[in-house]
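*Asks:* Sharing a structure below in structure tokens format, with a few things to ask.
2 protein chains.
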Amino acid sequence: MDQVQLFNDYLRCKGLKTTSQRLIILETFLDSDCHFSTEELYLKLRTEYPKIGYATVHRTLKLFAECGIAAERNFGDGQARYEPIHGEEHHDHLVCTECGLILEFEEPQIEKLQESVAAAHNFTIDNHRLELYGLCASCAATAN
Amino acid sequence: MDQVQLFNDYLRCKGLKTTSQRLIILETFLDSDCHFSTEELYLKLRTEYPKIGYATVHRTLKLFAECGIAAERNFGDGQARYEPIHGEEHHDHLVCTECGLILEFEEPQIEKLQESVAAAHNFTIDNHRLELYGLCASCAATAN
DNA sequence: CGCGAAATTGAAAACGATTTTCAGAAAAAT
DNA sequence: ATTTTTCTGAAAATCGTTTTCAATTTCGCG
Ligand SMILES: [Zn+2]
Ligand SMILES: [Zn+2]
Ligand SMILES: [Zn+2]
Ligand SMILES: [Zn+2]
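This is the structure:
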């Protein structure tokens with residue numbers, strides 16, 4: 039299903055309202071498919087829509103996460119990030135600690151091993167986070 | 039090597055001073071081997087040593103992390119946690135989102151797969167975090 | 001020992017990201 | 001159109017963390 043449709047349905051079923059701000063934020067968020075902090079998205083929006091406030095961006099991103107349009111991430115730089123979920127598979131992240139580059143990966147074998155670890159401890163897993171921090175190829179080259 | 043010795047050596051080589059507060063905090067930290075937030079350790083210390091301030095606990099935990107006596111963790115509850123490293127192997131965590139129980143595990147196969155993922159993307163890994171969130175056995179039983 | 005330079009301490013203030021408040025504006029229901 | 005409800009944006013509040021600063025403590029040196 040279309041993301042905008044999905045969002046509108048969510049708003050309706052929760053008794054919330056469709057507003058121009060929410061649609062603008064959604065569009066901008068989906069358009070540039072990356073790992074936005076609230077601040078970053080706010081700044082990007084501000085160039086074209088200076089009237090939209092920070093608080094609205096924040097509240098709207100939370101809404102996206104709530105209705106499954108976005109995933110909240112935290113890469114340890116002290117600010118939450120949100121990325122669009124286009125119905126794709128789950129993925130984990132490689133993060134360059136030098137330049138901030140974020141790569142995504144999927145490793146089914148790791149996912150499977152996580153399950154068996156959880157089972158061995160009688161845990162029921164709801165979700166997990168796996169992040170590999172280090173240097174990307176170009177930062178490693180520059181660093182010598 | 040003894041942890042206290044290691045700490046004293048670190049202080050000396052950095053031109054820092056050995057103080058009663060630092061030794062008390064270290065002892066308390068090592069004694070109860072768990073994943074302390076600054077607040078938790080501060081409160082625990084306060085019962086026996088009401089004079090020790092929060093800032094000192096905070097600064098001392100940072101020191102521990104610096105010299106390799108402690109590892110800083112973050113389990114997504116909005117506050118940093120520190121756990122003693124007794125020279126053991128690296129481990130990852132299972133976190134119960136209901137009761138806060140934290141279990142530790144090691145899975146060499148996962149570690150190995152992480153390496154190969156990084157290699158495939160030309161990343162050099164410095165460190166990583168893997169946390170599995172869900173319900174522990176007893177919380178799962180209670181929840182029905 | 002005691003002195004003095006240098007580091008440490010604790011209370012309070014500053015900080016930065018996030019969240020809430022509130023009065024006016026906008027959207028949906030009637 | 002009127003009423004009700006939600007939303008918005010600016011500003012304030014919050015929360016964990018970090019810094020400031022004057023008073024205290026440590027420690028090398030005479
Ligand atoms: Zn995964
Ligand atoms: Zn991603
Ligand atoms: Zn690991
Ligand atoms: Zn641990």
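First to last, the sequence lines map onto chains A and B. With the working numbering applied, the first sequence closes on residue 182, and no number is skipped along the way. With the working numbering applied, the second sequence closes on residue 182, and no number is skipped along the way. Glycine residues also receive a C-beta, built at the ideal position from the N, C-alpha and C atoms.
#1: What residues from chain B crowd round residue 152/A, counting only those whose CB sits closer than 9 Å?
#2: Which chain B residues sit within Cβ distance under 9 Å of residue 115/A?
#3: Please say whether residue 87/B and residue 62/B have beta carbons closer to each other than 8 Å?
#4: Take the Cβ of residue 99/B as the centre, count every other Cβ of all protein chains shown within 10 Å, and call the residue buried at 16 or more, exposed below.
#5: Taking all protein chains shown into account, do 16 or more other C-beta atoms lie within 10 angstroms of the C-beta of residue 122/B, making it buried, or fewer, making it exposed?
#6: Identify the contact partners of residue 128/B in chain A, using a Cβ-Cβ distance below 7 Å as the criterion.
#7: Which class does residue 96/A belong to by DSSP, given the choice of helix, strand or coil?
#8: Give the C-beta separation of residue 82/B and residue 57/B to the nearest angstrom, bearing in mind that I take them to be a contact with Cβ-Cβ under 8 Å.
#9: Is it true that the CB of residue 172/B sits closer than 8 Å to the CB of residue 113/A?
#10: Any heavy atom of ligand 2 closer than 7 Å to the beta-carbon of residue 142/A?
#11: Looking at residue 73/A and residue 163/A, is the spacing between their C-beta atoms short of 8 Å?
#12: Chain B beta carbons: is any one of them nearer than 8 Å to that of residue 164/A?
#13: How many angstroms separate the CA atom of residue 42/A from the CA atom of residue 131/A?
#14: Among all the DSSP beta bridges, which residues are the ones paired with residue 130/A?
#15: My output table needs one value for residue 148/B: the three-state DSSP class, helix, strand or coil.
#16: Does the distance from the C-beta atom of residue 151/B to that of residue 147/A stay below 8 Å?
*Replies:* Here's the rundown:
#1: 145, 148, 168 and 170
#2: What residue 115/A touches in chain B: nothing, since even the nearest Cβ is about 12 Å away.
#3: yes
#4: buried
#5: buried
#6: In chain order: nothing, as chain A lies at least about 13 Å away.
#7: helix
#8: That pair is no contact at about 19 Å.
#9: no
#10: yes
#11: no
#12: It does; some Cβ of chain B falls within 8 Å.
#13: Cα-Cα distance, rounded: 26 Å.
#14: 143/A
#15: helix
#16: Cβ distance < 8 Å, so residue 151/B and residue 147/A count as in contact.
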